[in-house]
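In what follows, a single structure is set out as structure tokens and then discussed.
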Amino acid sequence: MKAKKGFKLRDVCGEKILLAEGAENIDFSNIICMNASSAYLWENLEEREFTAEDMAKLLTDQYEVDDATALADAKALADQWYSYGIIEL
16 MKAKKGFKLR DVCGEKILLA EGAENIDFSN IICMNASSAY LWENLEEREF TAEDMAKLLT
76 DQYEVDDATA LADAKALADQ WYSYGIIEL
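See the structure below:
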């Protein structure tokens, strides 16, 4: 997987918001607000290709979470990101 080009994580009034940059990405029907853990993952993955396992490793390194839970959460988040159109397979 990899992040689509043209999306930047910004801090807007204390909230982590993923903003589209460039005419091809503009869709104002969805605003993507990220919690601390998803923002952490995005910041660490947006510039490289990654797998759900890579996401899970970042989660277990940063948070007190077991491997199985981290992997399940990573897969669910990757599915969400894909459905939002912000990552590509």
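One point on numbering: in our numbering, the residue at position 18 of the sequence shown is 33, and numbering is uninterrupted. Virtual Cβ for every residue (Gly too), placed ideally from N, Cα, C.
Use the C-beta contact count for L104: other C-beta atoms within 10 angstroms, 16 or more gives buried, fewer gives exposed.
By one-based count along the sequence shown, residue 104 stands at place 89. The Cβ neighbour count for L104, taken over all protein chains shown within 10 Å, is under 16; the residue is labelled exposed.
Should I102 go down as buried or exposed, given a rule of 16 or more other Cβ atoms within 10 Å for buried?
Indexing the sequence shown from 1 puts residue 102 at position 87. With 16 or more Cβ atoms within 10 Å of its Cβ, I102 is classed as buried.
How would you call D88, buried or exposed, if buried means at least 16 neighbouring beta carbons within 10 angstroms?
Here residue 88 corresponds to residue number 73 of the sequence shown, with the count starting at 1. When all chains shown are included, D88 counts as buried.
Can you name, in chain order, every residue of its own chain whose Cβ lies under 7 Å from the Cβ of N59, other than the five neighbours on each side?
The count along the sequence shown starts at 1 and reaches residue 59 at position 44. Contacts found: L73.
Which whole-angstrom value describes the C-beta separation of E61 and A18, a residue pair presumed to lie in contact below a C-beta threshold of 8 Å?
Numbered from its first residue, the sequence shown carries residue 61 at position 46. Numbered from its first residue, the sequence shown carries residue 18 at position 3. Between A18 and E61 the Cβ distance is about 4 Å, and since that is below 8 Å, they are a contact.
Is L74 helix, strand or coil by DSSP?
Within the sequence shown, the letter at position 59 stands for residue 74. L74 falls in the helix class under three-state DSSP.
Between the CA atoms of D94 and K23 - distance to the nearest angstrom
Taking the sequence shown and counting its residues from 1, one reaches residue 23 at position 8. Taking the sequence shown and counting its residues from 1, one reaches residue 94 at position 79. Computed Cα separation, rounded: 19 Å.
Alpha carbon to alpha carbon, what distance is there between R25 and L34?
Here residue 34 is taken as the residue at index 19 of the sequence shown, counted from 1. Here residue 25 is taken as the residue at index 10 of the sequence shown, counted from 1. Spanning the two alpha carbons is a distance of roughly 7 Å.
Using only alpha-carbon positions, find the residue among Q77, L86, E64 that is nearest to A51.
The residue labelled residue 51 in the question sits at position 36 within the sequence shown. The residue among Q77, L86, E64 with its C-alpha nearest the C-alpha of A51 is Q77.
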